[in-house]
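The sequence shown: position 149 = 1083 (my numbering), numbered continuously.
Report on the structure given below.
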Amino acid sequence: MKLFGSSGIRGVTNKDITIDLALKVGMALGKSKKNAVIGRDPRVAGEMIEHALISGLASSGCRVVRVGIVSTPTLAYAARDYDCGVMITASHNPAEYVGIKLWNPDGMAFDSKQQEEIESIIESEDFVRVRWDKTGNITSHDNAVREHMDMILKNVGRASMRVILDCGCGAGGTITPFLLREMGCEVITLNSQLDGHFPARNPEPNEKNLVLLRKAVVEFDACLGIAHDGDADRMMAVDEKGNFVSGDELLAIFGHYECKGGAKVCVPVDTSLVVDDALEGSEIIRTRVGDVYVAEEMKKHITDFGGEPSGSWIFPRISYCPDGIYAAARLVEIVRETKLSQLREALPQYPTLRGTIPCADCAKEGVMEAIKSKLQPLGEVSDIDGIRVEMDNGWVLVRPSGTEPKIRITAQARENVEKLYAMTEGIVKESLK
C-alpha cells in the first residue's frame, strides 16, 4: 500500500504527513463511519493534524468526539463505544514524525482490507460532502483515561513496591504513574512532563535510550524500571539490578504467565528462539513484523498472547491493541512474586544482534531482490516478511522497515553471531550499490 505501513500512516511532518492528507483520511473514514473518537500524543504537529482530520470527518457527516492527549491504548479502549477510533501519533519515531492510526471497536487496528479501502477512496477522491446542516457535531469527552485505568485495575492485583517509570515525555505520563500508584506502588517518575520535542531522550524505549532509567533503578533501590515510547503502546523494562530486559525475554516471560499447555502465541519473524524454547508445548505462530499483522493473526488463530520484541504486548482478553499501560501493570503484578532478574536468568540465552542500514523507500524493492538472490544459497528461506534464512547454527532476517527509510538486520546464533551479522551486513551494503 502507498499510505499505510506496518503501523498505520506515518512520516515526517509537512513532508510525508500534511494537513491535506489528514483532511482526505478524515473524509475517507467519514464516508462509512457515523461517529468516531479521536486522540493524540503530545507531538508538536499533533493538534494541527487533529484539526484537519476532524474537519474531514465532520464534512462527511461523521460525529466526532475528542479525548485530548492520551496514550494509544487509551484511545483504542475508548473506541469500544464508537464506530472507530483515530489516533494521531508516530509512536516510537523521533519528534519530527507524525502519523495516523485507525482503530476498530474491539481494540484492533484497521486490518489490511480496511486500510486498502481507505487508500482506494483517497486515490479516487470518492468522498462524500454532506449538506451544511448535516455536518458532524464535534464534542469532547474527559474521562477516557479514568475509564482505561478502571478497566486495568479490575484485571490486576495490588502490589507494594518501588518502581521507576520513564515516560519519555510521551503520553504515558497521562496514565501510568497514576495507575501504578493506585495499585499500591511507590512510583518515582522520569520525564513524565508532556513535551512533543522529546527533549529527554529518543521516544523509542531501547537499551541505548534508557541509560538514565537503568542508573535510577539502582540508585533508588527499586524493584523494577519501566519505560514507554511516545504514545505508550510499547513498554520495556529494567530489572532490579539495572539490567535492560530484552523484548524477546519479555515475550517469553509474559508468555509463561499468559499461556498454559497447548496455548497459541503469535510473534513476528524477528523473534528469538528463546520464545520457542521457553514456551515448550505452546504453538508459536510467526507473522509479518508490525502489531497490526500480529493482531490479525491472533484474531484469526484465537491465540492466548502475542507481541513483538520491540515492546508491543497484546493481551486478547483485554484488547487487540498493544497496551503498554496494561503490560506495565501486569509486569508489576508478576514481579511482586518473583524478581525480574530471576525470571531472566531462568531463560535460555542466544546471542542476537540487530541493526539498521539507511535505504530510501523507493529503492527498497530492488535492493531486497538483490539481497534475496545472495542469501538464498545459505539456508532455508522464508519470505513471510522480508527474507529470513534458517541455518544450522542460527538465522538471519533482512527486511525493509515499514515506518522508516531503513533496512533492518537481525541475526541470532548459538555461537559466532558477530560473524553471521557481519556477513549479512556486507551483503546488504553490497546490494545497495
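Idealized CB from N, CA, C, for every residue including glycine.
For clarity, every value in this text was computed on a predicted model and none was experimentally measured.
Just checking, does the segment 1327–1341 make contact with the segment 939–952 on the three C-beta pairs under 8 Å criterion?
yes
Going by Cα to Cα distance, which pick from Leu1207, Val1209, Thr1205, Lys1198 is closest to His1216?
Reading off the sequence shown, one finds Ser at residue 1216, where the question assumed His. Looking at the Cα atoms, Lys1198 is the closest of the given residues.
So what does Gly1360 bridge to, in DSSP terms?
None, per the DSSP bridge assignment.
Rounded to the nearest angstrom, how far is the Cβ of Ala1078 from that of Ala1012, given a contact under 8 Å?
5 Å
The beta strand (DSSP E) with Tyr1031 in it runs from where to where?
1031–1037
For Thr947, the residue or residues it bridges with in DSSP
Ile951
Identify, in the order they occur along the chain, each residue of the same chain with its Cβ nearer than 8 Å to the Cβ of Thr1286, setting aside the five sequence neighbours on each side.
Ser1180, Asp1182, Ser1206, Thr1344, Ala1345, Gln1346, Val1351
Closest by CA to Asn1089, which one among Phe1249, Lys965, Gly1196?
Phe1249
Can you check which of these residues, Ser966, Ala970, Ile1218, Thr1006, is closest to Ser1253 by C-alpha distance?
Thr1006
Nearest to Glu981 by alpha carbon, out of Asp1129, Gly1118, Ile1109, Glu1059?
Asp1129
Is it true that the CB of Ala1166 sits closer than 9 Å to the CB of Leu1147?
no
Can you tell me which of the three DSSP states Cys1296 falls into?
helix
Exposure of Met1325, with buried meaning 16 or more beta-carbon neighbours within 10 Å:
exposed
If distances are taken between C-alpha atoms only, which option among Arg1000, Asp1204, Glu1051, Lys936 comes closest to Ser1074?
Arg1000
Using the C-alpha atoms, what's the distance from Gln1048 back to Ile1055?
11 Å
Can you tell me which residues form a DSSP beta bridge with Met995?
Here residue 995 is Gly; the residue named in the question, Met, does not match the sequence. In the DSSP output, where bridge partners are listed per residue, Gly995 has none listed.
Can you give the Cα-Cα distance for Glu1279 and Glu984, rounded to whole angstroms?
45 Å
CB Ser1365 to CB Val1203, shorter than 9 Å?
no
If you scan the segment 1024–1082 from start to end, which runs of the beta strand (DSSP E) of 3 or more residues do you find wholly inside it?
1031–1037, 1072–1074
Buried or exposed for Met1357, going by 16 or more other Cβ atoms inside 10 Å?
exposed
Is the CB-CB distance between Glu1174 and Ser1275 below 9 Å?
yes
If you compare alpha carbons, which of Val1301, Arg1096, Val1223 is closest to Glu1359?
Val1301
Does the segment 1114–1123 come within contact of the segment 1091–1102, defined as at least 3 CB pairs closer than 8 Å?
yes
Between the CA atoms of Gly1159 and Gly1176 - distance to the nearest angstrom
8 Å
Assuming contact is defined by CB atoms lying nearer than 9 Å, are Val998 and Gly973 in contact in what I supplied?
no
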